[in-house]
Amino acid sequence: MFWFLVQLGIASILLLFSTAATWYEGSAILNDPWEWKHSTPFSQLFYDEVQSSNQISQLDHFIYAAKFLPTFPVIMVISSIYLLILIGYHFFRRRHKWFAYYLSFLGGGLFLLSYFIYNSPTTGGKIFFYIWLLSGVCCAVAAIISYFQTLDRNTNEVIN
3 MFWFLVQLGI ASILLLFSTA ATWYEGSAIL NDPWEWKHST PFSQLFYDEV
53 QSSNQISQLD HFIYAAKFLP TFPVIMVISS IYLLILIGYH FFRRRHKWFA
103 YYLSFLGGGL FLLSYFIYNS PTTGGKIFFY IWLLSGVCCA VAAIISYFQT
153 LDRNTNEVIN
């Protein structure tokens with residue numbers, strides 16, 4: 003339990019720090035009006051077209067930072083994935099089959115995210131594509147291994 007809390011604390015602090023840094027770096031969109039049309043999807047939900055920097059949503063700061071300044075957004079995403087896996091393992095550590103299903107669901111979500119930005123022309127988009135794709139593959143492989151270890155354990159208990 004101690005190591006779980008240490009890992010949870012470190013990953014949470016890293017997530018909070020990288021989120022704040024990402025939000026700060028993404029605020030550069032306020033001074034980049036030629037990018038408002040392409041990097042403000044949340045603001046465009048509220049306003050058809052962004053006319054001034056006052057109309058830009060705080061969430062669009064993260065989009066802009068992920069596209070053009072991806073260092074802190076990458077740290078944010080990796081720490082988020084790590085936290086999701088850590089929390090899932092903590093809740094399902096005695097139910098290996100459920101943990102395998104959880105990893106499968108998480109891997110599917112990561113594959114879906116990578117699909118949405120498959121053709122991104124920006125460097126940040128390409129980086130996120132590969133991070134989400136690789137993370138999805140790792141979750142799927144871990145789910146398969148966990149599932150078959152559970153089957154192997156159950157088979158050995160029946161035989162013995």
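First residue of the sequence shown: 3, per the working numbering; consecutive thereafter. In this text, a Cβ means the ideal position worked out from N, Cα and C, and glycines have one as well. From a predicted model like this one, the values you see are computed outputs, not experimental measurements.
Contact between the stretch 49-61 and the stretch 101-113 (3+ Cβ pairs under 8 Å): Because the criterion of three Cβ pairs below 8 Å is not met, the stretch 49-61 and the stretch 101-113 do not touch.
The stretch 145-154 / the stretch 116-128 touching (three or more Cβ pairs under 8 Å): Result no; under three Cβ-Cβ pairs closer than 8 Å.
Three-state class that DSSP yields for S41 in the structure shown: Mapped onto the sequence shown, residue 41 falls at position 39. In the three-state reduction of the DSSP assignment, S41 falls in the helix class.
Coarse secondary structure for D34, derived from DSSP in three states: For the purposes of this step, residue 34 is identified with residue 32 of the sequence shown, where counting begins at 1. DSSP places D34 in coil when its eight states are reduced to three.
Terminal residues of the alpha helix (DSSP H) in which L71 lies: Against the sequence shown, residue 71 aligns to sequence position 69. Counting along the chain, L71 falls outside any alpha helix (DSSP H), and DSSP gives it neither H nor E.
Nearest neighbour of F118, chosen from S106, Y132 and F107 [CA to CA]: In the sequence shown, counting from the first residue as 1, residue 118 sits at position 116. Among S106, Y132 and F107, the Cα nearest to that of F118 is on Y132.
For G127, the nearest candidate out of D50, F64, Y49 and A22 (CA to CA): Indexing the sequence shown from 1 puts residue 127 at position 125. Ranking D50, F64, Y49 and A22 by Cα distance to G127 puts F64 first.
Range covered by the alpha helix (DSSP H) that runs through E27: Here residue 27 refers to the residue found at position 25 of the sequence shown. Run containing E27: F4 to G28, per the alpha helix (DSSP H) assignment.
Nonlocal neighbours in the same chain, by C-beta distance under 6 Å from S81, ignoring five residues either side: Here residue 81 is taken as the residue at index 79 of the sequence shown, counted from 1. Once the five neighbours on either side are set aside, the close Cβ partners of S81 are A13, L16 and L17.
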